[in-house]
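**Student:** The structure follows.
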Amino acid sequence: MIYLDSAATTLQKPPEVGCAVFRTMQRASSPGRGGHAFAMRAAETVYAARETAAKLFSVDDPAKVVFTFNATHGLNIAINSLIKEGDTALISGWEHNSVLRPLTARRAKLLIAEAGMDREKTLEAFRAELGKKPKLCAVNHVSNVTGFVLPVYEIAEECQNAGVPLIIDASQSAGAFKLDFRRLGADFIAMPGHKGLYGPQGTGILLVKDGAEPLLFGGSGSSSALPDMPDELPDRLEAGTHNTAGIAGLQKGMAFVMREGEENILRRERELAYRAASGLSTLRGTRVYAPKREDGSGVISFNIEGLSPEEAGQRFSDMGIALRAGMHCSPLAHKTLGTFPEGTVRLSVSAFTSAREIDAFLNVAEDISKRN
Numbered sequence: 049m050i051y052l053d054s055a056a057t058t059l060q061k062p063p064e065v066g067c068a069v070f071r072t073m074q075r076a077s078s079p080g081r082g083g084h085a086f087a088m089r090a091a092e093t094v095y096a097a098r099e100t101a102a103k104l105f106s107v108d109d110p111a112k113v114v115f116t117f118n119a120t121h122g123l124n125i126a127i128n129s130l131i132k133e134g135d136t137a138l139i140s141g142w143e144h145n146s147v148l149r150p151l152t153a154r155r156a157k158l159l160i161a162e163a164g165m166d167r168e169k170t171l172e173a174f175r176a177e178l179g180k181k182p183k184l185c186a187v188n189h190v191s192n193v194t195g196f197v198l199p200v201y202e203i204a205e206e207c208q209n210a211g212v213p214l215i216i217d218a219s220q221s222a223g224a225f226k227l228d229f230r231r232l233g234a235d236f237i238a239m240p241g242h243k244g245l246y247g248p249q250g251t252g253i254l255l256v257k258d259g260a261e262p263l264l265f266g267g268s269g270s271s272s273a274l275p276d277m278p279d280e281l282p283d284r285l286e287a288g289t290h291n292t293a294g295i296a297g298l299q300k301g302m303a304f305v306m307r308e309g310e311e312n313i314l315r316r317e318r319e320l321a322y323r324a325a326s327g328l329s330t331l332r333g334t335r336v337y338a339p340k341r342e343d344g345s346g347v348i349s350f351n352i353e354g355l356s357p358e359e360a361g362q363r364f365s366d367m368g369i370a371l372r373a374g375m376h377c378s379p380l381a382h383k384t385l386g387t388f389p390e391g392t393v394r395l396s397v398s399a400f401t402s403a404r405e406i407d408a409f410l411n412v413a414e415d416i417s418k419r420n
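For the working numbering, add 48 to where a residue sits in the sequence shown, where the first one is 1.
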């Protein structure tokens, strides 16, 4: 089976990731839960991962690196910290349900900066909506449906000028795009560990500029006499036992990204996605949804005339190609794209995807389009 669903989870990991998970499960317990060797080893493991993340994302203090279960967990913390029921929130037309649903749960009034896959028009749309003084702005750095890269650095500057707090969803960009936390000045940046950072499922990172409100309450391994959560980061946001083994694996995944270089990973992924999009565009009855090459990443979507996305996805699976079909948890993106409610078939690559695999996929796509 050729795996082309890395926007969901990078299945292929550096071998040291799994080794670190297994070793940590055998040799470490929980950080802050004792002074014995196993607890101290766990504390050292978690702090080493914090330091690696701080270096990778240009964070001035490792304490501002908070470990979460996934990006959704981090985004809920961020939204819960910045918005009250009925407040106005500005979002892009590409947001994932991990942003849309928490805002809906708070009955937020939504301003949507819709501009399709055009970076200049997107920036103009955000600039116009920021003039309405929303309580927060949440931006998806890279669309998980089309791979479109939003101009987050420019949007961040506009948010600073307008005095509007900013949340960045880096679910599809962390590990392939340079995320400079100091330069961006965002209040929060949330990301999963199991996608472009090549860590295990059940891990994530939330970068926190200043304070934040806890989403979970419980033991933190520190300030145990207090009835409330500690004020200090990261303990304020890390209630309960850490996924120490997962964090150990995540640290090795981040080390892999640093060793390979984000710019090299992005260049390779962009080339592979463009190769797939170009090949698909020549096939009869196939429509490709992808931005210009320079505005894209390692994700594209497509549909084949006469087949629902689910039917097409199943045919690819039957022929040994793992893709994702449907809404991809992003109904807003499909409304922007014009593919709601059917969705699309999505192809997404990683640092471990080869050109040979893309060519094999295109051969299968050609066969399916001819038979349809």
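Backbone N, C-alpha and C fix where the C-beta goes; we use that ideal spot for every residue, glycine too.
1) Return the chain-ordered list of same chain residues with a C-beta closer than 8 Å to the C-beta of V69, the five sequence neighbours on each side being excluded.
2) Less than 7 Å between CB atoms is the rule here; does M306 satisfy it with respect to chain B?
3) Take the Cβ of M306 as the centre, count every other Cβ of all protein chains shown within 10 Å, and call the residue buried at 16 or more, exposed below.
4) I'd like to know whether the C-beta atoms of F105 and L227 end up nearer to each other than 7 Å.
5) With distance defined between alpha-carbon atoms, name the residue in T152, A403, A126 and T58 nearest to T136.
6) According to DSSP, simplified to helix, strand and coil, what is F225?
7) On the CB-based measure, 16 or more other CB atoms within 10 Å of its CB, does D283 come out buried or exposed?
8) Would you grab the beta carbon distance between L395 and A324 for me? Rounded to a whole angstrom, and I think it's under 8 Å.
9) If R230 sits next to D53, beta carbons under 8 Å apart, how far is it from one beta carbon to the other, in whole angstroms?
10) To the nearest angstrom, how far is it from the Cα of Q299 to the Cα of G368?
11) Can you tell me whether F105 is helix, strand or coil according to DSSP?
12) By a C-beta neighbour count over all protein chains shown, 10 Å radius and 16 as the cutoff for buried, is C67 buried or exposed?
13) On the DSSP bridge list, what partners appear for M239?
14) If distances are taken between C-alpha atoms only, which option among G269, A218 and F388 comes closest to G252?
15) Once the 5 residues before and after V113 are set aside, which same chain residues still bring their CB inside 7 Å of it?
16) Pick out the complete beta strand (DSSP E) segments inside the stretch 343-412, 3 residues or longer, and give them in chain order.
17) How long is the line joining the alpha carbons of E286 and G241, rounded to whole angstroms?
**Tutor:** Quick look at the numbers:
1) P248, A293, G294, A296 and G297
2) The structure shown contains no chain B, having only a single protein chain.
3) exposed
4) yes
5) T152
6) In the three-state reduction of the DSSP assignment, F225 falls in the strand class.
7) buried
8) 6 Å
9) The pair is not a contact, with the Cβ atoms about 33 Å apart (cut-off 8 Å).
10) If you take the alpha carbons of Q299 and G368, they lie about 32 Å apart.
11) coil
12) exposed
13) DSSP output for M239 lists I253 as bridge partner(s).
14) A218
15) R98, A101, A102, V107, I253, L255 and P282
16) DSSP runs (the beta strand (DSSP E)) wholly in the stretch 343-412: 347-352, 372-374 and 392-396.
17) Each residue's Cα considered, the two are about 16 Å apart.
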